[in-house]
Amino acid sequence: MPELPEVEVVRRGLDRWILGRPIETVEVYNPRSIRRHTAGPLHFAEVLTGRTLLAAHRRGKYLWLPTDGGDALVGHLGMSGQLLVQPPDAPDETHLRARIRFAPDDGRDHENRELRFVDQRTFGGLSVEPLPVPGNAVDHWDRENVPPSIAHIARDPLDPNFDPDAFAVALRRKRTGVKRALLDQTLISGVGNIYADEALWRAQLHYARPTESLTGPQIRRLLDAVRDVMLEALEQGGTSFDALYVNVNGESGYFERSLAAYGRADQACPRCGTLIRRDAFMNRSSYTCPKCQPRPRRARW
DNA sequence: ATGTAATCCTGTGAGC
DNA sequence: TGCTCACAGGATTACA
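First residue of the first sequence: 1, per full-length UniProt numbering; consecutive thereafter.
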C-alpha cells in the first residue's frame, strides 16, 4: 500500500515529467475515482482542460499540483492507486480510471507522455480544488497553500517544519494506544499500517502502549524510527526515477526486502529470534515481537 | 473527546 | 473445477 515513501516517489516522478505544458484532454473512465470534487467528474475534466500544472507537492499521503488557474489537482492513492507517466501508445491498464494528455512540446513528441490514474480498488481519487493563496507556493512544504481537503492533515515527519515537541505534547494528550495515534493523520501524517508496525518494532514499543505513559526519550526514539524507516524505503524506491515511469505500486523494493515485523507472522524476529506474532487490530493486523515489544500491563487500543 | 463499526472496492488464495 | 468466503486496508461517516 502506498504510504509516505511511495507517495514521495510518485511526487518526484510527477515533478520531473508532467509539469509546464497545458492539459489538452481529460478522460474519466470511472466516476468513482473523482472524489471530493463536488461538481462531479464532468466538471473535473472540464475545469482541468487548458490548465498547466506548475508544481508537485505532498503532505503525508496526499499529493497536490497547483495549476496556473489558481486551483490544484489533488490526489490520494488510497490502497491501490497508481499515477503512471506513460507513452501514448502504451496499452491501457486493466484498471485505468482517468487519463490526462498534454499539449505537444514542439518537436519533442517523444517526451509527450500522458498521465494515467490506475486504481484497482478505487479507494483513491482525484479532484480539483481551489487554493487559498494562489501562485505563491515557494516549496512543497508551504502550509498556506494547502487545499481545503488536506487542511486537517498534520505535517509529516519528513516535513522540515514538523515540530517534534508539539507532536510529543499532542501525543501524550491523547488517551489511546500508540499505534492508533500513529495512524491518526491529524496528529502525524504519512504513517500507515506497515510503517507503523516497522517503527514500533524498531523503537521496541508495543502497539497498545498508552500514549500518556510514553516518556520523552521513548517518543523521540519512536519519531527517529518513523523517519529512518521512511528514509530507507525512499532510498530504495528512488531507483526508478530514471525509468520514465512513476512507480507507485506500493512495492518499492523495500517492501519485499527490508521489513522486520510487518507481514512476518511466525518468522524469526531479526533482533532476537523470537517468532513474530500477528494480532487483529482495528479491522487489520498488527505484527510484533513478543519479546522486544512486550504487551503493557495497562494496554490501550 | 474518544472509541467502534460500517462503508467504499476487487483480486487473491484457502477451503470445501 | 468452481464456488464461497476471509482478507488486504486508508479515510470518512455515523453512532455509542
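Ideal Cβ positions, reconstructed from N, Cα and C, are used throughout, including at glycine.
- With 16 or more other Cβ atoms inside 10 Å of its own Cβ, Tyr195 counts as buried.
- Apart from the 5 residues on each side of it in sequence, Gly20 sits with its Cβ closer than 8 Å to the Cβ of Thr52, Leu53, Leu54 in its chain, given in chain order.
- Assignment of Thr211 by DSSP, reduced to helix, strand and coil, places it in the helix class.
- Per DSSP, Leu231 lies in no beta strand (DSSP E) segment; the continuous alpha helix (DSSP H) that holds it begins and ends at 216-237.
- In the DSSP assignment, Ile100 falls within the beta strand (DSSP E) that extends over 96-102.
- Positions of the alpha helix (DSSP H) runs, each at least 4 residues long and wholly inside the stretch 164-200, are given as 164-173, 178-182 in order along the chain.
- In the three-state scheme derived from DSSP, where H, G and I count as helix and E and B as strand, His57 is classed as strand.
- Distances from the alpha-carbon of Arg12 to those of Met1, Arg58, Val47 put Arg58 closest.
- Short of 7 Å from the beta carbon of Asp197, and not among the five residues preceding or following it, lie these beta carbons of its own chain, in chain order: Ala261, Tyr262, Ser286, Tyr287.
- Spanning the alpha carbons of Glu93 and Val28 requires a straight line of approximately 14 Å.
- Considered as a whole, the stretch 42-91 harbours 57-59, 62-66, 71-76, 81-86 as its complete beta strand (DSSP E) runs of no fewer than 3 residues, in chain order.
- Burial check for Asp71: the Cβ neighbour count within 10 Å reaches 16 or more, so the residue is buried.
- Under the three-state reduction of DSSP, Gly40 is assigned to coil, being neither helix nor strand.
- Here the alpha carbon of Arg202 sits roughly 46 Å from the alpha carbon of Pro22.
- For Val146, no alpha helix (DSSP H) encloses it, and the DSSP letter there is neither H nor E.
- Per the Cβ contact rule, the stretch 115-123 is in contact with the stretch 91-105 (3 or more Cβ pairs under 8 Å).
- Taken through DSSP and simplified to helix, strand or coil, Glu6 comes out as helix.
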